[in-house]
Amino acid sequence: MLEISVSDNGIGIPKNKHEEIFETFKQADSSTARSYGGTGLGLAIVKQYVEMHGGNIRVESEEGVGSTFTFTIPNSDSR
């Protein structure tokens, strides 16, 4: 498996919203859409794309500290 992580030091995501943010048109906090823009499609699209390739995506996040998104996909050599 190939594993890739992307981290930021943004506003973070509450633990009770970690699964919800991967749903279409969902955001951890609707007020952030007004402050930061976005419709809540990006992570849903990424999740679908990763799963289409046989992988998984997860998030680790703490409010006020930031987030790390990690996805795994099968290595092309293993197909």
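All the letters of the sequence shown, read from the start, carry residue numbers 232 to 310 under our numbering. Every residue, glycine too, gets a C-beta built ideally from N, C-alpha and C. All values derive from a computational prediction rather than experimental measurement.
P305 and T299 have their C-alpha atoms spaced approximately 20 Å apart.
Exclusion of the five residues before and after V296 leaves N240, G243 as the residues of its chain whose Cβ lies within less than 8 Å of its Cβ.
Straight through space, the alpha carbons of K278 and E254 are spaced by roughly 9 Å.
E282: member of the alpha helix (DSSP H) spanning 273-283, first to last residue. For V237, the CB contacts under 6 Å within the same chain, skipping 5 residues up- and downstream, are F300 in chain order. In terms of CA proximity to G273, F256 leads the group H249, G285, G286, F256.
If the five residues before and after E234 are omitted, its C-beta is found closer than 8 Å to the C-beta atoms of T301, F302, T303, all from its own chain and listed in chain order.
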